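There are 2 protein chains.
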Amino acid sequence: MNNKIKEFQKKLVKLKLPLALVFSTKLKDPAFFYFSKINPEYALMLISPNFSPKLYCSSLDFEELKVHSRIKPFLQFKKNTLEQIKKLTKTHKIKKMGVNFSYLTVNELKNLKKLFKCKFVDISGELLNLRAIKTNDEIKLYQKASKLTEQIWSRTLAQIKLKKLKTELQVKEFIEQQIKRINSAPSFPTIVASGKNAAIPHHVTNNAKLNGFCIIDFGIRYKGYCTDVTRTIFIGKPTNKEEKFYNLVYETKECAANKINCGEKTANIVKTARKHLGKYDKFFTHGLGHGIGLEIHELPNLKENSKEKFENGMIFTIEPGIYFKNKFGIRIEDDYLFERNKLIQLTKAPKKLVVV
Amino acid sequence: MNNKIKEFQKKLVKLKLPLALVFSTKLKDPAFFYFSKINPEYALMLISPNFSPKLYCSSLDFEELKVHSRIKPFLQFKKNTLEQIKKLTKTHKIKKMGVNFSYLTVNELKNLKKLFKCKFVDISGELLNLRAIKTNDEIKLYQKASKLTEQIWSRTLAQIKLKKLKTELQVKEFIEQQIKRINSAPSFPTIVASGKNAAIPHHVTNNAKLNGFCIIDFGIRYKGYCTDVTRTIFIGKPTNKEEKFYNLVYETKECAANKINCGEKTANIVKTARKHLGKYDKFFTHGLGHGIGLEIHELPNLKENSKEKFENGMIFTIEPGIYFKNKFGIRIEDDYLFERNKLIQLTKAPKKLVVV
Chain S
21 MNNKIKEFQK KLVKLKLPLA LVFSTKLKDP AFFYFSKINP EYALMLISPN
71 FSPKLYCSSL DFEELKVHSR IKPFLQFKKN TLEQIKKLTK THKIKKMGVN
121 FSYLTVNELK NLKKLFKCKF VDISGELLNL RAIKTNDEIK LYQKASKLTE
171 QIWSRTLAQI KLKKLKTELQ VKEFIEQQIK RINSAPSFPT IVASGKNAAI
221 PHHVTNNAKL NGFCIIDFGI RYKGYCTDVT RTIFIGKPTN KEEKFYNLVY
271 ETKECAANKI NCGEKTANIV KTARKHLGKY DKFFTHGLGH GIGLEIHELP
321 NLKENSKEKF ENGMIFTIEP GIYFKNKFGI RIEDDYLFER NKLIQLTKAP
371 KKLVVV
Chain F
21 MNNKIKEFQK KLVKLKLPLA LVFSTKLKDP AFFYFSKINP EYALMLISPN
71 FSPKLYCSSL DFEELKVHSR IKPFLQFKKN TLEQIKKLTK THKIKKMGVN
121 FSYLTVNELK NLKKLFKCKF VDISGELLNL RAIKTNDEIK LYQKASKLTE
171 QIWSRTLAQI KLKKLKTELQ VKEFIEQQIK RINSAPSFPT IVASGKNAAI
221 PHHVTNNAKL NGFCIIDFGI RYKGYCTDVT RTIFIGKPTN KEEKFYNLVY
271 ETKECAANKI NCGEKTANIV KTARKHLGKY DKFFTHGLGH GIGLEIHELP
321 NLKENSKEKF ENGMIFTIEP GIYFKNKFGI RIEDDYLFER NKLIQLTKAP
371 KKLVVV
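First to last, the sequence lines map onto chains S and F.
Last residue of the first sequence? That's 376 in my numbering, and every number before it is there in order.
Last residue of the second sequence? That's 376 in my numbering, and every number before it is there in order.
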């Protein structure tokens with residue numbers, strides 16, 4: 021059985037929770053895949069410190085997924101399943117259950133309360149904290165995923181240099197084709213923003229010709245896990261001032277990374293980065309970074325009001341940027357692993373501005 | 021302003037709700053796009069019978085989306101926005117608000133309750149009922165979307181006949197390419213299930229060679245709206261018995277469609293279909309159909325325990341199927357519009373089994 025399930029069972033003991041229900045419904049709780057390695061349309065998992073986990077899956081998905089499930093017994097959801105689970109809760113005298121309030125709608129919880137006459141407690145924080153510390157398997161997977169992400173960027177840059185990709189959309193499509201080629205999917209819709217568009221952090225890629233600073237923000241979803249990198253290149257001839265702005269953003273990233281230590285508050289790193297930007301601080305309009313994993317935004321948060329501290333096993337992005345409205349924008353983002361009290365850079369943006 | 025917003029404002033009066041909050045968060049409430057025609061990452065809409073709707077959008081999306089929004093004023097979410105909304109609720113003495121409990125997580129509602137000291141009432145049912153009756157614009161859109169869906173199927177069938185598509189995956193990829201070509205997206209992952217695989221309603225398309233009965237279930241998302249059709253063809257030479265099974269499923273669909281009248285309970289149509297299947301009823305293991313719209317499953321439900329009645333403006337699928345485990349499966353699904361007390365077939369599966 022998955023070690024993280026064992027760890028979670030111990031957490032349940034601490035929380036005095038005899039049972040947790042993890043659902044895969046409209047909102048696919050990543051914890052479901054995290055424990056089971058399958059992604060059913062509708063399914064329910066029972067985790068208890070008192071008995072081994074059980075997984076119930078809709079008959080529509082059953083035949084297809086039973087081979088892949090990490091959790092056995094892998095059971096078929098039948099008409100009497102809920103009655104059986106109710107019996108089980110009676111046998112074990114369960115009066116309190118944990119569910120993920122961040123992945124359950126108000127109506128879903130309402131229906132649960134009607135069904136089971138017991139108290140429901142939120143376990144969203146526990147599940148997020150569990151996922152924030154990556155296992156050795158996850159770390160290995162990220163080393164591979166980062167390499168694949170870098171390879172896709174190299175291939176894309178080569179095509180841009182050959183003038184084969186001339187517009188934002190062409191770059192986006194090329195990247196997404198390459199991602200598909202390796203049987204992966206984009207971890208979010210690729211952003212390509214050139215010229216004035218680069219000043220809009222969430223610009224929707226269009227037919228604009230590549231020109232001046234060009235921000236390319238993309239990632240792959242490899243075996244369920246997200247990478248997330250941003251490269252800024254320059255099409256044309258940058259002025260000295262423009263090169264200096266690139267260097268400023270790059271150094272901000274390095275400076276933030278160098279400050280990271282075990283137990284250090286993530287909020288402090290954000291302060292360091294903002295300080296480094298000096299008077300350009302106000303043009304940095306988003307968070308400094310975020311954990312990555314089964315979701316593109318996970319713990320830890322690298323924001324000014326974040327409460328988290330850096331711990332071994334965390335994988336996260338650092339992505340400073342500056343945006344001058346109607347002029348241009350620069351963002352540089354890399355993925356990092358903190359392990360054995362050391363920061364390991366998983367992806368590497370170039371120190372010197374790439375000029376095409 | 022959108023007529024549906026006016027209709028919704030009238031509903032709020034009936035419900036004695038002075039304000040409704042519609043969110044676009046982790047769970048993208050389709051009602052948000054329904055009213056505004058935009059799909060922001062994070063946004064909030066205020067709808068009240070007492071003042072014109074307001075829309076607040078994150079600064080990251082603001083520049084990009086303000087042109088497309090149907091709702092003006094289109095405002096930027098700022099640090100003091102929630103304080104302003106709180107003031108507004110005080111000015112209007114609002115003590116009760118409507119929110120969509122089916123698209124709000126338990127934690128999101130918890131945060132709202134902390135912020136606004138008022139009662140929150142579920143409006144999920146009202147929003148679903150509103151969306152179930154399509155407007156003239158939506159009906160026009162569906163006529164176009166259905167044609168596009170049929171065209172994609174014709175092109176796919178032609179390629180299968182030319183033996184250019186020989187495996188499940190090849191068919192799926194061709195269909196999804198064609199969908200992309202018309203700047204559309206699949207409304208759900210295309211299902212291609214051949215031979216024994218066709219007996220698994222939610223089969224995950226693989227490299228299996230097309231052989232025997234082959235079920236192809238796909239749809240497009242056209243301007244936000246989903247189509248959903250299933251075609252079953254036969255690769256090879258079907259026996260008389262196999263042809264009879266196709267005819268049985270086809271006639272079941274026709275027989276159900278013919279029974280539809282204004283005010284008729286959808287559950288009665290399901291009974292009609294099951295009766296028509298006779299002793300093969302037990303091999304029909306899913307619902308008879310479902311409304312389609314911004315979501316692939318909307319009201320009305322065509323299930324045995326459904327409470328809905330057919331009304332003018334409804335658009336839905338009828339999709340009987342039979343599945344013989346480890347042998348084969350057949351499903352035929354078309355999209356229908358009920359308008360001016362008449363059933364209009366939007367897509368047309370062939371009466372005679374197509375043999376390749």
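Using N, Cα and C, we set each Cβ at its ideal position, and we do this for glycine too.
Since the structure is predicted, the reported quantities are computational estimates derived from the model, not experimental observations.
Checklist entry - Within the 8 Å Cβ cut-off, does S:ASN131 reach chain F? => result no
Checklist entry - Do you know whose CA, among S:PHE208, S:THR45, S:ILE180 and S:LYS184, lies nearest S:ILE255's CA? => result S:ILE180
Checklist entry - Since S:ILE236 is in the alpha helix (DSSP H), which residue starts that stretch and which ends it? => result Premise fails: S:ILE236 lies in the beta strand (DSSP E), 232–238, not in any alpha helix (DSSP H).
Item to check | Alpha-carbon spacing of S:SER44 relative to F:ARG251, whole angstroms | outcome: 29 Å
Item to check | Contacting residues, own chain, Cβ-Cβ under 7 Å from F:ILE289 (five flanking each side not counted) | outcome: ALA276, LYS279, ILE280, LEU308 and LEU322
Next on the checklist: Can you tell me whether S:ASN131 is buried or exposed? The criterion is at least 16 other CB atoms within 10 Å of its CB, across all chains shown.
Outcome noted: exposed
Next on the checklist: Quick check on S:ASN127 - is its C-beta less than 8 Å from some C-beta in chain F?
Outcome noted: yes
Item to check | First through last residue of the alpha helix (DSSP H) which encompasses S:ASP157 | outcome: 156–181
Checklist entry - On the three-state DSSP scale, how would you describe F:PHE208? => result coil
Next on the checklist: Quick check: the stretch 39–58 of chain S against the stretch 123–142 of chain S, are at least 3 beta-carbon pairs closer than 8 Å?
Outcome noted: yes
Next on the checklist: So that I know if they touch, is there some Cβ in chain S lying closer than 8 Å to that of F:TYR123?
Outcome noted: yes
Checklist entry - From F:LYS115, F:ILE91, F:ALA152 and F:LYS167, pick the residue whose C-alpha is nearest to that of F:GLU318; which is it? => result F:ALA152
Checklist entry - Is DSSP giving S:ASN321 helix, strand or coil here? => result strand
Item to check | Segment limits, alpha helix (DSSP H) that includes S:LYS48 | outcome: Note, S:LYS48: premise wrong, no alpha helix (DSSP H); not H, not E.
Checklist entry - What separation, rounded to the nearest whole angstrom, lies between the Cα atoms of S:ILE220 and S:LYS345? => result 7 Å
Item to check | Contact the stretch 367–374 of chain F vs the stretch 257–275 of chain F: 3+ CB pairs below 8 Å | outcome: yes
Checklist entry - Of the residues that make up the stretch 214–237 of chain S, which ones have a beta carbon closer than 8 Å to any beta carbon in chain F? => result ILE220, PRO221, HIS222, HIS223 and VAL224
Item to check | Cβ-Cβ distance between F:LEU177 and F:LYS116 below 8 Å | outcome: no
Checklist entry - Which word fits F:PRO320, buried or exposed, when buried means at least 16 other C-beta atoms lie within 10 angstroms of its C-beta? => result buried
Checklist entry - Is the number of C-beta pairs between the stretch 128–148 of chain S and the stretch 217–233 of chain S that are closer than 8 Å three or more? => result no
Next on the checklist: In whole angstroms, give me the CA-to-CA distance for S:GLU170 and S:GLU315.
Outcome noted: 20 Å
Checklist entry - Do you know whose CA, among F:LYS299, F:ALA369, F:ASN267 and F:GLU331, lies nearest F:LYS154's CA? => result F:GLU331
Next on the checklist: I'd like to know whether the C-beta of F:SER144 is nearer than 8 Å to at least one C-beta of chain S.
Outcome noted: yes
Checklist entry - What first and last residue would you give for the alpha helix (DSSP H) that runs through F:CYS275? => result 260–278
Checklist entry - Which ranges does the beta strand (DSSP E) cover as unbroken runs of at least 3 residues, wholly within the stretch 80–153 of chain S, from first to last along the chain? => result 94–96, 116–119 and 139–142
Next on the checklist: Using a 10 Å radius around the Cβ and a threshold of 16 neighbouring Cβ atoms, would you call S:VAL120 buried or exposed?
Outcome noted: Per the sequence shown, the amino acid found at residue 120 of chain S is Asn instead of Val. S:ASN120 should be labelled buried.
Next on the checklist: List, in chain order, every chain S residue whose beta-carbon is nearer than 9 Å to that of F:LYS46.
Outcome noted: LEU47, SER122 and TYR123
Next on the checklist: Considering Cα atoms alone, identify which of S:ILE312, S:GLY311 and S:LEU297 is closest to S:THR305.
Outcome noted: S:LEU297
Next on the checklist: So that I know if they touch, is there some Cβ in chain S lying closer than 8 Å to that of F:ASP81?
Outcome noted: yes
Item to check | Contact list for the stretch 84–100 of chain F against chain S, Cβ threshold 7 Å | outcome: GLU84
Checklist entry - Would you say S:LEU147 and S:TYR245 are within 8 Å of each other, going by their C-beta atoms? => result no
Next on the checklist: At the level of alpha carbons, what is the spacing between S:LEU66 and S:PHE140?
Outcome noted: 14 Å
Checklist entry - With 16 other CB atoms within 10 Å as the buried threshold, where does F:LEU85 fall? => result buried
Next on the checklist: Relative to the C-alpha of F:ASN361, which candidate in F:GLY283, F:ASP354 and F:ILE338 has its C-alpha closest?
Outcome noted: F:GLY283
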